[in-house]
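Numbered according to UniProt numbering, the sequence shown spans residues 1 to 528.
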Amino acid sequence: MTDWLWLVALIPVLALFLLVLLGRMKTVWSAAIALALAVVLAYWLFEAPVSTLATGAGKGLWLGSWILCVIVPALLLYRLASAAGMERLGTTFTRYLPSRTDRVLLLAWIFPSFIQGVAGFGTPVAVCAPLLLLLGYDKVRAVVLPLVGYHWSVTFGSMGSSFYMASLTAGFGVSEQNALALQTAGLLAVNAILAGALVLLLDGGLGGLRRGAVLLLTAGPAMAATLLIGATAVPAIASLAAGSAGLLVLTAKRLVEARRAPGEPTPAIGDDAPEPTELSTAPSPASQAMVLAPYGYLLLLVLPVFLIPPSRAFVTEVWQLAPSFGRTATGRGWINESVDAYLPIPVLGHPGFYIVLACVLGWFTYRAAGLWRGVEGRAVTHGWLTAVRSSAPTTMLLGTLAMVLVDSGMITTLATGIADTAGSAYPALAPVVGAVGSFMTGSSTSSNALFAALQGEVAGLVGVDPELLVAAQAAGSNVGNSIAPVVVLIGAAAVGAVDRVGEITRRCLLPMMALLASVILGVVIRAF
Numbered sequence: 001m002t003d004w005l006w007l008v009a010l011i012p013v014l015a016l017f018l019l020v021l022l023g024r025m026k027t028v029w030s031a032a033i034a035l036a037l038a039v040v041l042a043y044w045l046f047e048a049p050v051s052t053l054a055t056g057a058g059k060g061l062w063l064g065s066w067i068l069c070v071i072v073p074a075l076l077l078y079r080l081a082s083a084a085g086m087e088r089l090g091t092t093f094t095r096y097l098p099s100r101t102d103r104v105l106l107l108a109w110i111f112p113s114f115i116q117g118v119a120g121f122g123t124p125v126a127v128c129a130p131l132l133l134l135l136g137y138d139k140v141r142a143v144v145l146p147l148v149g150y151h152w153s154v155t156f157g158s159m160g161s162s163f164y165m166a167s168l169t170a171g172f173g174v175s176e177q178n179a180l181a182l183q184t185a186g187l188l189a190v191n192a193i194l195a196g197a198l199v200l201l202l203d204g205g206l207g208g209l210r211r212g213a214v215l216l217l218t219a220g221p222a223m224a225a226t227l228l229i230g231a232t233a234v235p236a237i238a239s240l241a242a243g244s245a246g247l248l249v250l251t252a253k254r255l256v257e258a259r260r261a262p263g264e265p266t267p268a269i270g271d272d273a274p275e276p277t278e279l280s281t282a283p284s285p286a287s288q289a290m291v292l293a294p295y296g297y298l299l300l301l302v303l304p305v306f307l308i309p310p311s312r313a314f315v316t317e318v319w320q321l322a323p324s325f326g327r328t329a330t331g332r333g334w335i336n337e338s339v340d341a342y343l344p345i346p347v348l349g350h351p352g353f354y355i356v357l358a359c360v361l362g363w364f365t366y367r368a369a370g371l372w373r374g375v376e377g378r379a380v381t382h383g384w385l386t387a388v389r390s391s392a393p394t395t396m397l398l399g400t401l402a403m404v405l406v407d408s409g410m411i412t413t414l415a416t417g418i419a420d421t422a423g424s425a426y427p428a429l430a431p432v433v434g435a436v437g438s439f440m441t442g443s444s445t446s447s448n449a450l451f452a453a454l455q456g457e458v459a460g461l462v463g464v465d466p467e468l469l470v471a472a473q474a475a476g477s478n479v480g481n482s483i484a485p486v487v488v489l490i491g492a493a494a495v496g497a498v499d500r501v502g503e504i505t506r507r508c509l510l511p512m513m514a515l516l517a518s519v520i521l522g523v524v525i526r527a528f
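Below is the structure:
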């Protein structure tokens, strides 16, 4: 039966995926059913005692709390900006970016990748989805578009945390790490351009792709090349540099267009774009831009802190909250070593801390600018707390499910079973293993921590460079991360669409399959 145990480990993963995808029930119930299956199978067939399951559940609840520290302030940020009149900003965006394709590429592809450079864990989607919403996109598309558009920036985002986790877990030295950076960036550079194309196709079909070709074919190669150069030089800032390159290209494009002859027509706005407000009745651009003050504060707070190594080290190490967990084991020999500080929350270095500061500064700015006049504070608070109550149980259940699967050995059993079954064809499935890991844990970093060492070991058995399979792991985890229920939930919660997680996932599935296929093709070409 041991030979087939990996198929048993697949059951909770498949159950969660299908239940969320079908959307017949709320995500919280899908997570609860998958968790119940995982607990029963872990206890019955994987011989995980109650103490091991309880410890795994404790880790999962802490993981859920970590994620909620992003979701809760992100929800408040959106509620504050909405109350101050963020919905009117569509006029400003339309005035300064008259091309619909430029707007969607900015907010779903370039800007979220820039944000991912310093603040990951769903923050880019939480910031950009509401901005797309104010441009007239429905809630589902407002979340789907950035999920597809920014996925390529995850590994080298968050100051390279996911990349360094993969390298350290695989036990690579300096030369191997450099090779890993080049291999990973090569796979993701292709996906960077492909992601932009998919955003245009999702937004406007082939016509949208044609209209957005200029920005796609200028910003795309610029971001891809910058990612490659940055990854081989300083991996920690590769995604940030790539996103910055995209912003520079878009700025240059607009400057060129602004110098056109006065009589030359500007690009047409899409048929379903929000109609611009008449200039005679439109609020001033300055007052509209003031609504975005919290988002500006967020960037101004995060960038200098995390780009300067001493300040980054200080905020991430000086004050941490973290529980400790003892050593646990299963009857099948799977061991979880004790940990003194599990998944620390650096109070001064957590993305949620800076979102809270941005909310506070934004609120004072709104009051000073007169944008808070007439706003009912209790209504804003009530709406915020209602959204928190809707998303918190699901987040905690998904976190618990992930860590029960990890601590019972089910996730590793699944990955090992795939490797054993595939044999010499395994390189084609290596990205899938990475995607499964991040889909379940909601984190590319966690997926790399689980499987990077395994990928390196399997590489030796099938005669492939370890750096290639670890790169496949990292790139695949990027794709899985963008349809992970936890990450989708962050975006859905930010626009008040917690009950539409299944629909968002379904809309993401086809483009994510294309992106995963791109990674697989790149790995196969290099391996064979």
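Don't be surprised by glycine CBs; every beta carbon is placed ideally from N, CA and C.
Please read all numbers here as calculations on a predicted model, not as lab measurements.
Span of the alpha helix (DSSP H) around residue i
{"i": "Lys-139", "result": "139-150"}
{"i": "Asp-102", "result": "100-105"}
{"i": "Ser-195", "result": "Residue identity check: residue 195 is Ala in the sequence provided, not Ser. Unbroken alpha helix (DSSP H) run through Ala-195: 174-211."}
{"i": "Gly-437", "result": "430-441"}
{"i": "Arg-254", "result": "238-258"}
{"i": "Gly-171", "result": "That residue, Gly-171, is in no alpha helix (DSSP H); it is neither H nor E in DSSP."}
{"i": "Pro-112", "result": "111-116"}
{"i": "Arg-312", "result": "309-317"}
{"i": "Ser-477", "result": "466-481"}
{"i": "Thr-445", "result": "444-462"}
{"i": "Gly-491", "result": "485-494"}
For residue i, three-class secondary structure by DSSP
{"i": "Phe-325", "result": "strand"}
{"i": "Val-339", "result": "strand"}
{"i": "Phe-528", "result": "coil"}
{"i": "Thr-505", "result": "helix"}
{"i": "Thr-155", "result": "coil"}
{"i": "Val-291", "result": "coil"}
{"i": "Phe-121", "result": "coil"}
{"i": "Leu-521", "result": "helix"}
{"i": "Ala-219", "result": "helix"}
{"i": "Leu-510", "result": "helix"}
{"i": "Ala-419", "result": "helix"}
{"i": "Leu-97", "result": "coil"}
{"i": "Ala-84", "result": "coil"}
{"i": "Ala-224", "result": "helix"}
{"i": "Val-234", "result": "coil"}
{"i": "Ala-425", "result": "helix"}
{"i": "Ala-497", "result": "coil"}
{"i": "Leu-131", "result": "helix"}
{"i": "Gly-136", "result": "coil"}
CB contact flag (residue i, residue j, <8 angstroms)
{"i": "Gly-196", "j": "Leu-216", "result": "yes"}
{"i": "Pro-427", "j": "Leu-516", "result": "no"}
{"i": "Ser-324", "j": "Val-347", "result": "no"}
{"i": "Ala-185", "j": "Ala-238", "result": "yes"}
{"i": "Thr-505", "j": "Leu-21", "result": "yes"}
{"i": "Ala-322", "j": "Leu-343", "result": "yes"}
{"i": "Ala-108", "j": "Ala-74", "result": "no"}
{"i": "Gly-208", "j": "Leu-198", "result": "no"}
{"i": "Thr-394", "j": "Ala-31", "result": "yes"}
{"i": "Met-440", "j": "Ala-402", "result": "yes"}
{"i": "Ala-166", "j": "Val-470", "result": "yes"}
{"i": "Gly-417", "j": "Ser-477", "result": "no"}
{"i": "Asn-191", "j": "Val-433", "result": "no"}
{"i": "Gly-23", "j": "Gly-480", "result": "no"}
{"i": "Ala-459", "j": "Pro-466", "result": "yes"}
{"i": "Ala-57", "j": "Thr-400", "result": "yes"}
{"i": "Ile-67", "j": "Phe-17", "result": "no"}
{"i": "Arg-79", "j": "Trp-384", "result": "yes"}
{"i": "Val-495", "j": "Leu-450", "result": "no"}
{"i": "Leu-106", "j": "Cys-508", "result": "no"}
{"i": "Ala-119", "j": "Pro-304", "result": "no"}
{"i": "Ala-219", "j": "Leu-250", "result": "yes"}
Residues that residue i bridges to, as DSSP identifies them
{"i": "Gln-320", "result": "Pro-346"}
Taking the runs of the beta strand (DSSP E) that are 3 residues or longer, which of them lie wholly in the segment 331-414? none
Minimum length 3: unbroken beta strand (DSSP E) runs contained in the segment 4-74: none
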